[in-house]
Amino acid sequence: MKIILTSLLVFALTIDQWQFKADPAKSTLVVQGTSSVHDWESVAEVFSVTGTMNDTEVTNLDVSVSVKSIKSGKSIMDDKTYEALKADKHPKIYFKAETLKVVNGHVKGDGTLTIAGKSKRITIDAASQSTTGGYKISGVVTLKMSEYGVTPPTAMFGTMQTGDQVTIQYQFLLIK
Numbered sequence: 001m002k003i004i005l006t007s008l009l010v011f012a013l014t015i016d017q018w019q020f021k022a023d024p025a026k027s028t029l030v031v032q033g034t035s036s037v038h039d040w041e042s043v044a045e046v047f048s049v050t051g052t053m054n055d056t057e058v059t060n061l062d063v064s065v066s067v068k069s070i071k072s073g074k075s076i077m078d079d080k081t082y083e084a085l086k087a088d089k090h091p092k093i094y095f096k097a098e099t100l101k102v103v104n105g106h107v108k109g110d111g112t113l114t115i116a117g118k119s120k121r122i123t124i125d126a127a128s129q130s131t132t133g134g135y136k137i138s139g140v141v142t143l144k145m146s147e148y149g150v151t152p153p154t155a156m157f158g159t160m161q162t163g164d165q166v167t168i169q170y171q172f173l174l175i176k
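Per the UniProt record's numbering, the sequence shown starts with residue 1, numbered consecutively.
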């Protein structure tokens, strides 16, 4: 009898949960920054977002970005980015969160961001919206590269220097 009650309780708690992944054709992840010459922007072309969700929380969120898919449209800048992010040794950037709360149109909570092999806890507060066929999550994270052991890239014999602070803008369409 205990086994049946326990099974029913687990079923009741998980009935409204659904596993999701990001639809890559309708999702974006953009890194923006500054330099001593001009502002710049790079787009991550290969990333994945998976997890489980219900009306009140997101669990087991796992975001993975392929470092060598981050493209600016300028091969020299891309090569400097990959070198700074230590792409050969750490080919992916990760964000993982066990539980995030869904409250009043926002997904909020803490997770661990790992860049170039260094991990740090960060807080996110993303806008969320139910859409036909999925759930749209969008937000912005600002961080300093040096906090992750990344030396901001330079070019032209050091005359062009990248700023330490970058902004990551993301918009994911999560589908079942």
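All C-beta atoms in this analysis are idealised placements derived from N, C-alpha and C, irrespective of residue type, glycine included. Fair warning: this is a prediction, and the values are worked out from it, not measured in the lab.
What span of residues does the beta strand (DSSP E) with K96 cover, start to end? 92-103
Spatial neighbours of M160 within its chain, please: CB distance less than 7 angstroms, with the 5 preceding and 5 following residues excluded, ordered by chain position. S35, S36, V37, T154
Anyone know if the C-beta pair for S138 and V107 falls short of 7 angstroms? no
Status (buried if at least 16 other CB within 10 Å, exposed otherwise) for A97: buried
For M77, which residues does DSSP report across the bridge? Per DSSP, none; premise fails for M77.
Per DSSP, what kind of secondary structure is S119 in: helix, strand or coil? strand
Along the chain, where does the beta strand (DSSP E) that runs through K144 open and close? 134-144
Put A87 into one of helix, strand or coil per three-state DSSP. coil
Close beta carbons around P152, own chain, < 6 angstroms, minus the five adjacent residues each side: M145, T162, D164
Measuring alpha carbon to alpha carbon, tell me which residue in S42, K118, V150, E57 is nearest D125. E57
Exposed unless 16 or more other CB atoms sit within 10 angstroms - verdict on S119: exposed
So what does DSSP say about S27, is it helix, strand or coil? coil
Span of the beta strand (DSSP E) holding V46? Segment: none, V46 is in no beta strand (DSSP E) and carries neither H nor E.
Would you mind giving the Cβ-Cβ distance between A44 and V65, rounded to the nearest angstrom? I have them listed as a contact below 8 angstroms. 5 angstroms
In whole angstroms, give me the CA-to-CA distance for Y148 and Y94. 12 angstroms
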